[in-house]
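Numbering (this note's numbering), first residue to last: 38 to 480.
Every residue gets a Cβ at the ideal spot worked out from N, C-alpha and C, and that includes glycine.
Given the structure is predicted, the values throughout are model-derived calculations rather than measurements.
Presented below is the structure to which this report refers.
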Ligand code: DI6
Ligand code: FE
């Protein structure tokens with residue numbers, strides 16, 4: 038079926054590369070080291086813990102047991118039991134290992150394309166003008182409603198495959214191009230299916246309050262009633278989303294409407310995220326922070342009060358340089374304020390057809406450095422440690438530490454900054470998801 042068509046892009050490798058088969062020996066003192074499925078040696082590690090730059094361990098090693106990291110450290114400090122019990126030993130050929138990449142803000146599931154709108158914008162129309170004239174998000178809503186399940190899955194799977202080829206092991210996917218009960222639920226089901234059929238963790242988010250659908254023209258409060266009273270209860274009952282998001286903007290929804298969405302989400306025990314301060318300052322960041330949001334995203338127009346509120350509530354700032362670039366924005370998010378108040382900064386593709394038609398998270402590293410002046414280390418933290426935080430998953434993924442999920446990537450680079458330095462190249466050599474080698478590019 039459909040799935041097979043995509044497998045050639047993601048090689049499921051079940052045999053070790055450059056490895057020596059080892060027979061497990063029955064030595065061991067520490068029970069945690071009794072079952073070591075694989076041991077990676079001849080590698081350097083960017084653990085992305087906060088101990089030193091990149092959490093670096095040069096000449097390191099990493100051992101996997103089942104789906105978890107069993108041991109990590111310097112090559113010459115590997116416990117005897119880890120080495121002797123290792124079933125497979127992989128030679129990393131002096132590559133660098135980072136945590137599996139986390140794309141914490143995407144709209145990956147949708148129908149159609151908006152290339153025509155791109156042409157219109159190049160002729161002078163603005164993103165807001167197109168949206169106000171019924172194009173923009175609404176045109177993707179029409180194409181998404183029209184697409185049947187199989188075609189929606191197939192179009193979205195192609196985009197997902199591009200992310201996976203660059204080492205993404207966790208991806209958040211929002212609804213928000215259905216804006217009716219059936220299509221919103223369908224989008225979330227397709228997102229779930231993607232996670233079931235591909236070696237990636239999908240975190241689904243309900244974004245019913247993304248735009249006003251045409252059938253509610255002039256009745257945005259009634260539409261918010263519909264989102265809160267009819268769609269969200271279904272989303273929660275069918276466990277189709279982990280978080281709820283909204284577009285708080287002059288072309289989206291007001292802070293009051295957004296707050297109603299948050300209150301309902303809280304009642305259903307769903308986490309909160311917000312598209313805030315992308316095009317203007319409606320103090321969405323502070324509103325999100327008051328509701329203990331996991332993240333506030335975009336933030337070009339965020340104020341000092343907003344940033345301070347985020348710091349107080351532990352809300353992550355998700356920056357989306359692809360949208361900034363593609364809409365030719367000029368107002369840069371307040372990076373210095375985020376640094377001063379120690380708000381964790383995450384980075385993401387915002388992959389969507391209207392404002393960020395990209396499926397390259399590595400490209401976002403470079404854009405964040407060149408456009409926003411993040412350091413390469415901050416950028417890499419944004420798609421690992423802080424990306425995990427923006428999804429509430431920092432206890433299991435985002436850094437390389439004993440006991441965390443064995444999600445990691447081996448890169449053909451000579452230092453970690455190279456990941457942010459290159460534009461449009463992909464130095465991925467191997468990707469490992471929950472201990473399984475899922476993609477290998479041997480040169
Ligand atoms: N902000 C964005 O960047 C995307 N949604 C949002 O609220 C853009 C969505 C689109 O133009 O299709
Ligand atoms: Fe977005």
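- When Cβ pairs closer than 8 angstroms are counted between the two stretches, the stretch 350-362 is seen to touch the stretch 328-337, the count reaching three or more.
- If only complete runs of 3 or more residues are kept, the stretch 304-337 shows the beta strand (DSSP E) at 308-313, 332-335, in order along the chain.
- Boundaries for residue 403: no beta strand (DSSP E) harbours it, while the alpha helix (DSSP H) harbouring it runs 398-409, taken from the DSSP string.
- Shown here, residue 300 sits in a helix according to DSSP, grouped into three states.
- Boundaries of the alpha helix (DSSP H) harbouring residue 341: 341-350, taken from the DSSP string.
- In this chain, residue 284 is not harboured by any alpha helix (DSSP H); it is covered by the beta strand (DSSP E) spanning 280-285.
- By the beta-carbon neighbour count (other beta carbons within 10 angstroms, threshold 16), residue 386 is buried.
- For residue 216 against residue 245, the beta-carbon gap comes to about 7 angstroms, under 8 angstroms, which counts as contact.
- Taking a contact to require three or more Cβ pairs closer than 8 angstroms, the stretch 252-267 and the stretch 152-164 do not qualify as touching.
- Taking the CA atoms as reference points, residue 213 sits about 21 angstroms from residue 358.
- Between residue 311 and residue 285, the C-beta spacing is below 7 angstroms.
- CA-CA distance, residue 132 to residue 374, rounds to 35 angstroms.
- In the DSSP assignment, residue 469 falls within the beta strand (DSSP E) that extends over 465-470.
- Membership of residue 358 in the alpha helix (DSSP H) is indicated by the continuous run 358-363.
- The set of residues whose C-beta lies within less than 6 angstroms of a heavy atom of the ligand FE reads, in chain order, 142, 144, 312, 387, 389.
- DSSP, read as helix, strand or coil, puts residue 232 in helix.
- Using a 10 angstroms sphere on the CB of residue 460, the tally of other CB atoms stays under 16, which defines it as exposed.
- Each of 276, 162, 360, 327 was checked against the Cα of residue 296, and the nearest Cα belongs to 327.
- Excluding residues up to 5 positions away in sequence, 212, 215, 245, 268 lie with their Cβ nearer than 6 angstroms to the Cβ of residue 221 in the same chain.
- Excluding five sequence positions before and after residue 204, the CB atoms of its chain that fall closer than 6 angstroms to its own CB belong to 138, 446, 465, 468, given in chain order.
- Residue 391 has its Cβ nearer than 6 angstroms to a heavy atom of the ligand DI6.
- Bridge partners of residue 207 according to DSSP: 139, 238.
- Taking a 10 Å sphere around the C-beta of residue 68, we find fewer than 16 other C-beta atoms and assign the residue as exposed.
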